[in-house]
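Sequential numbering from 58 applies to the sequence shown in the numbering used here. All C-beta atoms, glycine included, are put in the ideal place defined by N, C-alpha and C.
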Amino acid sequence: MERDREGNFLHEKSLSEIEAALSNGEVLGDYTVWSPKEKRFVPFVWTISAGNETVNNTLAPNCFMCHSSVIGSQNPYAPSSTFNMPLLSYRLATFKLRYFSGAGTLSSGIATLNPDNTFNYNLAFDADNATAGLQVDGSFIVHSNDMHCSQCHGGGWDDFDGDGRITKLDFLLQVKDLRYLQPDGLKEAKVWFFNETITDGNYVSSKVDGSLIPVPKNVDVHRWARYVGDGNVKGCVDCHAPVKHDYIGTGYFPDVPSLIPSHDFAKGNAGPAFTVRWHQLAGSASCERCHENPVGLHSRAFGPAAAEHLEKVACTTCHIPKKYFFEAKLIDWTLPMFVVSGDSNGYTFLGLTKNVYVGGDSVNGTPVDVALFPIRDFSTGEVVWKLSAANAMGVLFFADNSEGTFRPVIPRYLAKVFGLSYDLPTRYIIEEVDSSGKPVRVGSFGHLVLKVKSGVISQDSDLAAGGWRLINALPNFIDVDQDGAFTPGVDVQITDDTGLDGSPDGVPEVNTQREVSAALSTVKKVVSGAVGRDVEVKLIATAIPFGVSHNVRPAPEALRCDDCHGGRESELQGAVFTRKVNLYFPFDPAVENSTAFVPKVQRTLTEYAFADWTRREIESMGFPAAILDYSTVKVEVDGEVIATRAQTEEAASALGVSAGDLIAAVAVAPSDNPFKVLFEIKEPLSDYGVKVVNGTVTSKVVSGNRLEVQVAPASGRSVVVGLVKEVAGSGSSAGVSSGGGGCSFSPSGPAGLLSYLPAAVALALLRRRRRLSG
């Protein structure tokens, strides 16, 4: 946070150096920001004036941010006079004042900020008046709690405006206010501070006194004192506790010959689904840390199938069956939202932000989506795939190949493509302001006063009357002639034709043939002009499966057998898997048939199909492939063991065996390096053999139900190694077949599992096997 990408201290580079680089056409990414007003990159200097000094203004969080007793004692539902400012000062310092180096001190509650950026320290905390400066004692430092975490991550309230209801406005008031915006709220409808008086109509027995108590709609049982008891309430740091580690040694903290605290926080363990890599997961939070013997706990529900279910299904899938809040269901960058400051006479363009389609049902609740995520056991390194609770979120964007490969068109180009006319219908947001132009804040939390409208801005009565400001608006025309104004007959108006469900919703979208064609050609014109050569532009439709892990409901509200199986024990025919999910709005058939439209995922899928699509997408990133089975296969490449699991029928035909005789197979991407395959199944391996395509088995070691095979690959070819059942008279008693004729697997096949990878990453193909008979 203090050095640039070349290792230099950020605050040491002067303004003259940054300006000189800009004048030479060089954009220093660590020292410049894009100015929407000036339409160019401008210097950002990492220093700030504080009194008579110029000080380093890089962000260096101090201990008080997470351990101040002032913050730790805050009540999330207290009146604003005792709640708002200490907790929110960190965000005020960073987002509004850009006073990064002072954020920690300001947010600790130990001082207030003077107009000249100096601090006015609260001497009530001074524990030693005889010593110069402010000396705090141990009582000022406390264990971290939810209030400390909320300084950065936000809290997430359901009835935020205090009107006794849960509405989309409660969601909007938080995501549009930097005081309260929390990252997970947008993507997984996380509510951390729930109103206990708004309930779902169900009752559960309190674990405190056995009485029946109503279930809050946005409960998380870990935080529900009436259900689990005051002493058992858990918070952020209970699940995301710093990972314990041994004393690092001299040089790091040489004066302390004991264990030192770790600040490497445990994170969720379905990270690969949203590009959090395993080495960043810091030990990984998991339910099993507290809920030991999960198989025993679930024996009453699943009987003898408890172990099988827990191997295949993540805890969150059953225990977060629905949400009663709102979340992003589509991020549409093909028509980004304008950030503006405007009145009835016009607006000033300030930038772009994502155009979010919000979904949710606060009355009946919204079933949570499901996805297949790879989950790593950090004690063994094994990777297993489980059906997990998720939010299926669609994403639309334009991509250009100005850098060789197709990448999303950057916002400053999109800003030139679209325009906003006050005389054409659109969706927009206004906020109430006082006579000085500052936003009006009301209620216990001091929330903004916002209105979301659809219509013609020039006809808005609130803006005409004054006291309101336009802050967001969707562009409503494509500026084909690039003159900044709507020209009838030349520019293309963007209209509201449909929504996620196929019906008009008051939100304009780029989806007709005319709109898409005009947008593509204008994006091409703008980008080509900027880079000095012709580029190609495409419209990409894809999705992001975002893991859901908060708002765990009481056990009586968990999913039941029929929810998944639909009354058929051996099939997944329940609503959890058969209901449909819409990932984006429909396009004209001519658009969908165009080569410029690239649908990486279908618009409408069943939940089961979406889960399988998620698996294939994650596998294409290079993660081990998936299977829902008891058998295990491990592949060791260059000394690293990667556990891999998958389901497919393709390996059988590649190896020249019947599907019924194939027990397990692995495919390793082209490499010159020998590798080991470790097969392990439930029965002893006396009845099995090995087949190889594009490689040679150099050794086999059998021990009980474990087989270790050493393989030398054929150079430049994908190697397939199969474990097959021995068949009498087949002539394959040695169980080894080498060579073979260049098998290949297409990702568009039945399982789409085997793509050629840039490195020697092992992918496994296992076919589900109930039991082998001799």
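Close Cβ partners of residue i (< 6 Å) along its chain, the five nearest in sequence each way excluded
| i | result |
| --- | --- |
| valine 547 | Val537 and Asp538 |
| aspartate 185 | Gln192 |
| tyrosine 134 | In this prediction, tyrosine 134 has a pLDDT of 48, which is less than 50 and means its spatial position is unreliable; what the coordinates show is noted afterwards. If we look at tyrosine 134 and ignore the five residues flanking it on each side, it has no Cβ neighbours. |
| alanine 371 | Lys443 and Ser445 |
| proline 393 | Leu409, Asn412 and Leu471 |
| valine 441 | Ile432 |
| leucine 170 | Leu163 |
| glycine 792 | Because glycine 792 carries a pLDDT of 38, less than 50, the predicted location of this residue cannot be relied on, and no value is offered for it. |
Beta carbon of residue i nearer than 8 Å to that of residue j
| i | j | result |
| --- | --- | --- |
| serine 401 | alanine 298 | no |
| valine 452 | isoleucine 388 | yes |
| valine 549 | isoleucine 535 | yes |
| aspartate 865 | aspartate 215 | There is simply no residue 865 to check, as the chain begins at 58 and stops at 831 in what is shown. |
| serine 515 | tyrosine 479 | yes |
| proline 545 | aspartate 554 | no |
| valine 290 | proline 611 | no |
| lysine 369 | valine 425 | no |
| proline 770 | valine 725 | yes |
| valine 777 | valine 749 | yes |
| glutamate 572 | aspartate 457 | no |
| phenylalanine 383 | lysine 225 | yes |
| threonine 391 | alanine 653 | no |
| glycine 166 | valine 127 | yes |
Enclosing beta strand (DSSP E) for residue i [first to last residue]
| i | result |
| --- | --- |
| glutamate 737 | 732 to 737 |
| leucine 577 | Premise fails: leucine 577 lies in the alpha helix (DSSP H), 570 to 588, not in any beta strand (DSSP E). |
| lysine 835 | Nothing can be reported for residue 835, as the shown portion of the chain is limited to 58 through 831. |
| proline 351 | Where proline 351 is concerned, there is no enclosing beta strand (DSSP E), although the alpha helix (DSSP H) it sits in stretches over 351 to 354. |
| arginine 484 | 482 to 489 |
| serine 779 | With the sequence shown as reference, residue 779 is identified as glycine, and serine is not the correct amino acid for it. Here the beta strand (DSSP E) through glycine 779 covers 776 to 782. |
| glutamate 110 | 110 to 113 |
| tyrosine 404 | 403 to 416 |
| serine 760 | 752 to 760 |
| aspartate 257 | 256 to 262 |
| phenylalanine 121 | That residue, phenylalanine 121, is in no beta strand (DSSP E); its alpha helix (DSSP H) goes 120 to 124. |
Start-to-end residues for the alpha helix (DSSP H) that takes in residue i
| i | result |
| --- | --- |
| tryptophan 103 | Careful: tryptophan 103 lies outside any alpha helix (DSSP H) and carries neither H nor E. |
| proline 613 | Note, proline 613: premise wrong, no alpha helix (DSSP H); not H, not E. |
| proline 378 | Looking at the DSSP string, proline 378 is not in any alpha helix (DSSP H), and its letter there is neither H nor E. |
| arginine 469 | 468 to 474 |
| glutamate 368 | 363 to 369 |
Member of the options whose CA lies at the smallest distance from the CA of residue i
| i | options | result |
| --- | --- | --- |
| serine 207 | Gly195, Thr373, Gln239 and Phe176 | Gln239 |
| isoleucine 377 | Val413, Leu477 and Ala246 | Ala246 |
| alanine 428 | Val766, Glu59, Ile601 and Tyr237 | Ile601 |
| valine 84 | Phe101, Thr663 and Glu69 | Phe101 |
| lysine 233 | Ile487, Ser574 and Phe322 | Ile487 |
| asparagine 21 | Thr188, Leu577, Ser501 and Trp249 | Outside the modelled stretch of the chain, which goes from 58 to 831, sits residue 21, for which no answer is possible. |
| valine 499 | Leu230, Gly190, Gly108 and Leu79 | Leu230 |
| valine 490 | Gly523, Pro482 and Val759 | Gly523 |
| asparagine 730 | Gln767, Tyr745, Lys757 and Arg763 | Gln767 |
| glycine 82 | Ser71, Arg97 and Lys70 | Arg97 |
| proline 172 | Gly108, Val714, Val758 and Tyr178 | Gly108 |
| leucine 557 | Asn650, Leu662, Lys324 and Ala575 | Leu662 |
| asparagine 639 | Cys347, Met450 and Asp218 | Met450 |
| aspartate 418 | Gly267, Asp257, Ile551 and Cys375 | Asp257 |
Cut-off 7 Å between Cβ atoms - residues of its own chain near residue i, not counting five sequence neighbours on either side
| i | result |
| --- | --- |
| valine 112 | Thr104, Ile105 and Ser158 |
| glutamate 74 | none |
| phenylalanine 359 | His366 |
| histidine 68 | Trp103, Thr104, Asn113, Asn114 and Thr115 |
| glycine 563 | Arg484, Ser511 and Asp553 |
beta-carbon residue i near the ligand ADP non-hydrogen atom, thresh 7 Å
| i | result |
| --- | --- |
| histidine 622 | The ligand ADP is not among the ligands present in this structure, which contains no ligands whatsoever. |
Close beta carbons around residue i, own chain, < 8 Å, minus the five adjacent residues each side
| i | result |
| --- | --- |
| glycine 476 | Pro532, Asn533, Phe534, Ile535, Asp536, Gly541, Ala542, Phe543 and Asp548 |
| arginine 283 | Glu253, Ser263, Val265 and Ile270 |
| valine 588 | Ser459 |
| alanine 77 | none |
| leucine 243 | Val232, Glu384, Ala385 and Val413 |
For residue i: DSSP bridge partner residues
| i | result |
| --- | --- |
| lysine 637 | Thr663 |
| alanine 595 | Inspection of the sequence shows that residue 595 is occupied by lysine rather than by alanine. Looking at the DSSP assignment, lysine 595 forms a beta bridge with Ala456. |
| phenylalanine 322 | Pro299 |
| proline 424 | Lys379 |
| alanine 771 | Beta-bridge pairing links alanine 771 to no other residue. |
| histidine 31 | Any answer about residue 31 is impossible in this case: the structure gives the chain only from 58 up to 831. |
| serine 511 | Arg484 |
| glutamate 765 | Leu735 and Val758 |
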